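Here the sequence shown stands for residues -29 to -1, 1 to 365, numbered as in mature numbering (1 follows the signal peptide of the UniProt record, and there is no 0).
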Amino acid sequence: MAPRPPKGLAPALLWVLSLFIGLPSPVLVQPSPPPQSSPPTEPHPCHTCRGLVDSFYKGLERTIRDNFGGGNTAWEEEKLSKYKDSETRLVEVLEGVCSKSDFECHRLLELSEELVESWWFHKQQEAPDLFQWLCSDSLKLCCPSGTFGPTCLPCPGGTERPCGGYGQCEGEGTRGGSGRCDCQAGYGGEACGQCGLGYFEAERNSSHLVCSACFGPCARCSGPEESNCLQCKKGWALHHLKCVDIDECGTERASCGADQFCVNTEGSYECRDCAKACLGCMGAGPGRCKKCSPGYQQVGSKCLDVDECETAVCPGENEKCENTEGSYRCICAEGYKQIEGICVKEQIPGGLWWPPHTSHGRRKIRLGIESFASSSLFPQLSHGTSPCPASEGC
C-alpha cells in the first residue's frame, strides 16, 4: 500500500485541501513532485477523484469474481463472506486502482488512502455511495449533481434539471466553474428556457420546451413557414411577410478595396480581387477594368498585355527580350550566361566555346588545345592531326 498521510480525518482534509485548493502547506505536506509541463491540461481534482472511485468499484467486481470458484458450497459462501469486507480484499483493490502512468490518481490515492480505509471498515453501511462520501463530503473536491463552485450553488434551472435539460452547466459537479449554461442549438436564455435566434416555440409545458427551426432566413418567427417570419436575419429584408436577400453590391453597404469588386451572395456579399490587367474594376476579367494597369493597354473593351519586346528595350550586347504578363525582362541569348550584369559566352568542358566563331561565312571552332588534344572526342589530335582541313584555316 502507498505511504499514509497523518492519521485522523481533519489532518487528512487539510492535506488534500492544501494541495488541490492552494492553501499554505504546513509540515503535514511532503514535497510534491515537479509540476506537469502543461498544467492547464491537468484534469480537475473532482474528475480525478471520480475516476479513482469508478476504478475502485471495478476492482470490487474483479476481486469477488476472481475468488469465486463457481460452486455453491457452504464452505465457499463462508469464505466469500469473510473475504468480502476483509483488509486483504481492500489491499488487492487499491493496488489496481491507478494505472502506472496516472500520476494524479496516485497522488490523490496517497492523500486519501486512510479515508478510504475508514469508509471500508466503518462507513459503508451509513454511506454506501463512496463517491459522495469521499469526493464530495470528505475531500470537498466535488459537488452534488446540479450544483457547482466552491460552495456547491445550484445551477440555473435548479438541481433537478440544470439548464432546463437543454444545456450544460459550466462546472457542474465540481468545486469550480461559473455555472453559466451552455445551451444546445435552438435554445437560449440564462437557463436555456427560451428559443434561440432562428427558432420558434413549438411546444411548452411546466417542465419542457421544444424549439423548432424557422424558415431559412428568418431570425424570429411564429411558425415553420416562410410567411411566418417576424424578423429577418442580417443581409435579408422583410417584404410582404417574406425575407428577401439584400443586394449589398447595389448599395453603399458593401465595403471592398480599390482593386476589388463586389459579388452578392445570399444574405451577404464577397469582395474579390480584380484582374491583374486592371486598376480598379467593376467585375471579373480584363473586360471589366476601370483603367488599365501599367504594362497593359486598352484594346477594344479589354486591357491586354503590351508586348514591349516589339521595341528595342534590351540594349545590352548578346541580350534578348522576353515578354511577360504586364512587363518584360532581358535575358542572355542562347549560349551566353549573365555574370555581373554582362552576358558572356558559356564554356563547355574541354575548353570548347559555344557558340562557335565564324569567318568568311564559315563556322570556326576555338579550342583549348591542351585540353582538347587529350579529349576522347578527338583522339586524332594526340597523333598530330588537325580537326579540320588546312584550307579551312582553323
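For each residue, glycine too, the CB sits at the ideal point set by N, CA and C. What you are looking at is a predicted structure, and each value in this text was computed from that prediction instead of being measured.
Report the rounded CA-to-CA distance for residue i versus residue j, giving the unit in angstroms.
{"i": "K205", "j": "A156", "result": "19 Å"}
{"i": "E317", "j": "L275", "result": "37 Å"}
{"i": "P16", "j": "R151", "result": "20 Å"}
{"i": "V215", "j": "Y158", "result": "25 Å"}
{"i": "I35", "j": "P121", "result": "37 Å"}
{"i": "Y170", "j": "G160", "result": "13 Å"}
{"i": "S9", "j": "T145", "result": "A caution first: S9 carries a pLDDT of 45, below 50, which makes its placement in the model too unreliable to give a value."}
{"i": "H211", "j": "L180", "result": "30 Å"}
{"i": "Y28", "j": "E141", "result": "27 Å"}
{"i": "F343", "j": "E311", "result": "Residue confidence for F343 is low, a pLDDT of 38 falling below 50, so the modelled location carries little weight; the figure read from the coordinates is stated next. For F343 and E311, the distance between alpha carbons rounds to 28 Å."}
{"i": "W46", "j": "A162", "result": "Note that W46 scores a pLDDT of 49, beneath 50, so its modelled location is shaky and nothing firm can be said."}
{"i": "N294", "j": "Y307", "result": "19 Å"}
{"i": "T59", "j": "E174", "result": "57 Å"}
{"i": "L209", "j": "S183", "result": "21 Å"}
{"i": "C285", "j": "W207", "result": "57 Å"}
{"i": "E172", "j": "E32", "result": "47 Å"}
{"i": "L124", "j": "G67", "result": "35 Å"}
{"i": "R300", "j": "A229", "result": "28 Å"}
{"i": "G266", "j": "E305", "result": "26 Å"}
{"i": "P188", "j": "I217", "result": "11 Å"}
{"i": "Q103", "j": "E237", "result": "54 Å"}
{"i": "L201", "j": "E223", "result": "25 Å"}
{"i": "G194", "j": "C242", "result": "35 Å"}
{"i": "Q351", "j": "G287", "result": "Residue confidence for Q351 is low, a pLDDT of 43 falling below 50, so the modelled location carries little weight; the figure read from the coordinates is stated next. Taking the straight line from one Cα to the other gives about 40 Å."}
{"i": "G136", "j": "S177", "result": "13 Å"}
{"i": "S72", "j": "L168", "result": "46 Å"}
{"i": "R21", "j": "K94", "result": "18 Å"}
Going along the chain, which residues of its own chain have a beta-carbon closer than 7 Å to the beta-carbon of residue i, five neighbours each way excluded?
{"i": "Y240", "result": "E219, C220, A225, C233 and V234"}
{"i": "E296", "result": "K247 and D276"}
{"i": "E197", "result": "F186 and K213"}
{"i": "W91", "result": "L61"}
{"i": "C203", "result": "P188, C189, A190, L209 and C214"}
{"i": "P64", "result": "As written in the sequence, residue 64 is Val, which differs from the Pro given in the question. Closer than 7 Å at Cβ, skipping near neighbours: F27, G30, L31 and T34."}
{"i": "Q231", "result": "C242, R243, D244 and C245"}
{"i": "E281", "result": "none"}
{"i": "S89", "result": "none"}
Excluding the 5 residues preceding and the 5 following residue i in the sequence, name in chain order all residues of the same chain whose CB lies nearer than 8 Å to its CB.
{"i": "C303", "result": "N289, E290, K291, Q309 and C314"}
{"i": "A246", "result": "C252, A255, G256, P257, R259, C260 and C274"}
{"i": "K53", "result": "none"}
{"i": "C69", "result": "L23, S26, C76, H77 and L80"}
{"i": "E279", "result": "G266, C292, N294, S298 and Y299"}
{"i": "P115", "result": "Q103, S107, C123, T130 and G144"}
Going along the chain, which residues of its own chain have a beta-carbon closer than 6 Å to the beta-carbon of residue i, five neighbours each way excluded?
{"i": "Q269", "result": "C263"}
{"i": "D153", "result": "G138 and Q139"}
{"i": "G117", "result": "C126, T130 and P133"}
{"i": "N199", "result": "C192 and S193"}
{"i": "G164", "result": "G135"}
Cα-Cα, which of the options is closest to residue i?
{"i": "C227", "options": "T59, D244 and G238", "result": "D244"}
{"i": "S83", "options": "C189, C123 and C106", "result": "C106"}
{"i": "P127", "options": "S149, S109 and C114", "result": "S149"}
{"i": "A190", "options": "C166, S272, K71 and P265", "result": "C166"}
{"i": "G147", "options": "C113, Q103 and G136", "result": "C113"}
{"i": "K55", "options": "K71, D73 and G30", "result": "G30"}
{"i": "E143", "options": "G164, A283 and F119", "result": "F119"}
{"i": "S272", "options": "T282, E281 and C249", "result": "C249"}
Quickly, what does DSSP pair residue i with across the bridge? List them, please.
{"i": "G159", "result": "Q165"}
{"i": "residue 400", "result": "Coverage of the chain is limited to positions -29 through 365, which leaves residue 400 absent and any answer about it impossible."}
{"i": "residue 369", "result": "Nothing in the structure corresponds to residue 369, since the chain is present only between -29 and 365."}
{"i": "C249", "result": "C263"}
{"i": "R175", "result": "L180"}
{"i": "K213", "result": "H210"}
{"i": "L275", "result": "Q268"}
{"i": "R300", "result": "E293"}
{"i": "Y137", "result": "Looking at the DSSP assignment, Y137 forms no beta bridge with any residue, so it has no partner."}
{"i": "K316", "result": "Y307"}
{"i": "Y170", "result": "A184"}
Contact criterion: CB-CB distance below 8 Å. Does residue i meet it with respect to chain D?
{"i": "G167", "result": "Here there is only one protein chain, and chain D is not present."}
Exercise for the section: Take every Cβ of the stretch 89 to 109, pair it with every Cβ of the stretch 130 to 142, and state whether three or more of those distances are shorter than 8 Å. Expected result: no
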